[in-house]
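Going letter by letter, the sequence shown gives residues 4 to 353 in our numbering.
Glycine residues also receive a C-beta, built at the ideal position from the N, C-alpha and C atoms.
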Amino acid sequence: MRRWETVYFSGNSKGEKNMRKNWAALALTGMLCLTTFAGTQTVSAETADSAKQVDIVFTHDTHSHLNTFTTIVDEAEKEVGGFARINTLIQEQKAKNPDTMVIDGGDFSMGTLIQTVFETQAAEIRMLGYMGCDVTTLGNHEFDYRSKGLANMLNSAAESGDDLPALVVCNVDWESMEAAGLSEGQQLIRDAFDEYGVSDYVVLEKGDTDIAVVGVFGKDALACAPTCELLFKDPIEAVKETVEEIRENEDVDMIVCVSHSGTWEDESKSEDENLAKAVPELDLILSGHTHTTLEEPIVHGDTYVVSCGEYGKNLGELSMTQKADGRWEMTSYEIVPVTTDIDQDAETQN
């Protein structure tokens with residue numbers, strides 16, 4: 004699978020010529036006055052004063068890469084990533100807007116020696132919480148140490164007393180498992196879910212905006228988790244049901260999905276694109292699992308699909324403005340490389 008990589012989204016983005024999605028076709032409505040500066044788009048002050056706005060930063064597939072690491076970038080060896088630099092970027096964004104929402108798309112574990120304390124220290128999810136991550140979901144690699152390992156991690160995190168992100172996943176099929184009788188491993192995870200407070204969705208209040216965030220575990224993710232003992236419902240059907248529940252029971256302005264499902268160039272196999280088309284009520288899908296860096300959001304109807312790549316090499320930043328019909332327009336989108344140009348937050352580093 005080709006990796007879709009660019010750093011900025013703008014009206015004149017020079018993406019790969021065979022990218023399916025062309026933002027030039029998405030002429031922004033007359034209510035928005037857009038300017039291009041430093042490769043990003045900004046909304047006019049007049050619109051900002053008259054409509055709700057949401058700022059979001061996002062990660063996914065960080066795979067225990069809490070520290071910086073060396074890799075090849077543009078044929079040169081460079082130091083990239085690290086939560087201390089990511090936290091600098093997050094805090095800079097929160098200084099501009101304290102109500103910025105921070106979300107993660109799962110697979111936060113497994114990939115460095117830090118995974119050796121996954122069960123006992125829950126370092127990865129606790130560090131997400133330390134950086135102010137509001138919500139995450141499970142990826143397939145969270146099951147690498149089997150049911151007992153995941154259960155121990157969740158219990159360790161809950162017992163730490165630290166601020167933790169909400170953990171959401173809507174398609175675990177507890178009904179079928181309970182009807183058949185829970186295995187020992189399934190019972191361990193069920194108890195740990197209760198201890199941590201795992202739910203289908205959460206509602207976050209960000210300034211004057213209420214945002215429902217639902218989580219989902221994809222089909223390919225399940226195929227990549229042979230040690231997972233859980234049964235899962237069809238992802239699309241489960242999200243549909245959860246969105247219906249949200250619309251019936253919650254008064255929210257926006258619905259976001261943190262999905263560990265992924266995107267592929269073959270649109271017919273691209274799980275999060277199929278989700279966007281099947282559940283048009285979703286305003287935004289953060290797509291993890293395939294380690295994709297989307298140079299531009301993928302758009303289906305009023306639903307945006309975004310990804311920023313793996314190992315914390317980038318941080319995604321976006322802004323959305325509510326339109327008159329209640330749906331949301333993405334007014335800026337940037338994939339920020341996490342490089343040595345960014346200072347490391349000293350407290351995070353320590």
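By a C-beta neighbour count over all protein chains shown, 10 Å radius and 16 as the cutoff for buried, is residue i buried or exposed?
| i | result |
| --- | --- |
| A349 | exposed |
| P300 | buried |
| R250 | exposed |
| I89 | buried |
| I345 | buried |
| D328 | exposed |
| D58 | buried |
| L116 | exposed |
| T306 | buried |
| T71 | buried |
| T119 | exposed |
| N353 | exposed |
| S179 | exposed |
| P283 | exposed |
| T324 | buried |
| A154 | buried |
If you draw a straight line from the alpha carbon of residue i to that of residue j, how long is it in whole angstroms?
| i | j | result |
| --- | --- | --- |
| S262 | V216 | 10 Å |
| E122 | V339 | 31 Å |
| D211 | D77 | 42 Å |
| H144 | G218 | 16 Å |
| A182 | G152 | 24 Å |
| A161 | S150 | 17 Å |
| V302 | E276 | 8 Å |
| A169 | D256 | 19 Å |
| L225 | C231 | 8 Å |
| S67 | G114 | 5 Å |
| L185 | F235 | 14 Å |
| T351 | L167 | 15 Å |
| S335 | N174 | 31 Å |
| R193 | E187 | 10 Å |
| G18 | K272 | For G18, the predicted structure reports a pLDDT of 37, less than 50, and the residue's modelled location is therefore unreliable. A value from the coordinates is still provided. Taking the straight line joining both Cα atoms gives about 22 Å. |
| E313 | L287 | 19 Å |
| Q96 | Y148 | 35 Å |
| A195 | S53 | 44 Å |
Considering just the uninterrupted stretch of the beta strand (DSSP E) at residue i, what are its terminal residues?
| i | result |
| --- | --- |
| D213 | 212-220 |
| L207 | 204-209 |
| D58 | 56-62 |
| S335 | 331-340 |
| F72 | 72-76 |
| I258 | 257-263 |
| A79 | 79-83 |
Over the uninterrupted alpha helix (DSSP H) stretch that includes residue i, give me the two end residues.
| i | result |
| --- | --- |
| K243 | 238-252 |
| G291 | Here G291 belongs to no alpha helix (DSSP H); instead the beta strand (DSSP E) covers 287-291. |
| L157 | 149-163 |
| F196 | 187-199 |
| L318 | Where L318 is concerned, there is no enclosing alpha helix (DSSP H), although the beta strand (DSSP E) it sits in stretches over 317-325. |
| D275 | 274-281 |
| I301 | From DSSP, I301 is part of no alpha helix (DSSP H) but of the beta strand (DSSP E) over 301-303. |
| M134 | Counting along the chain, M134 falls outside any alpha helix (DSSP H), and DSSP gives it neither H nor E. |
| I93 | 86-99 |
With a cut-off of 8 Å on the beta carbons, I'd call residue i and residue j a contact; round off their distance for me.
| i | j | result |
| --- | --- | --- |
| V83 | G319 | Actually they are not in contact, since the Cβ atoms of V83 and G319 sit about 15 Å apart, beyond 8 Å. |
| Q347 | T65 | Wrong, their Cβ atoms sit about 16 Å apart, outside the cutoff. |
Relative to the C-alpha of residue i, which candidate in the options has its C-alpha closest?
| i | options | result |
| --- | --- | --- |
| H292 | V57, H63, F196, A54 | H63 |
| L69 | T324, I258, G315, V341 | G315 |
| I75 | T342, T351, Q347 | T342 |
| S310 | C231, R129, L289 | L289 |
| A228 | K243, K97, G135, S264 | S264 |
| G109 | T140, G135, S335, M180 | T140 |
| L278 | T296, T245, E253 | T245 |
| L208 | I258, E247, Y133 | In the sequence under discussion, the amino acid at residue 208 is Glu, which differs from the Leu named in the question. Answer by Cα proximity: I258. |
| A87 | K81, Q325, Y133 | Y133 |
For a cutoff of 8 Å on Cβ pairs, would you count residue i as touching chain B?
| i | result |
| --- | --- |
| S112 | This model lacks chain B altogether, as it is built from one protein chain only. |
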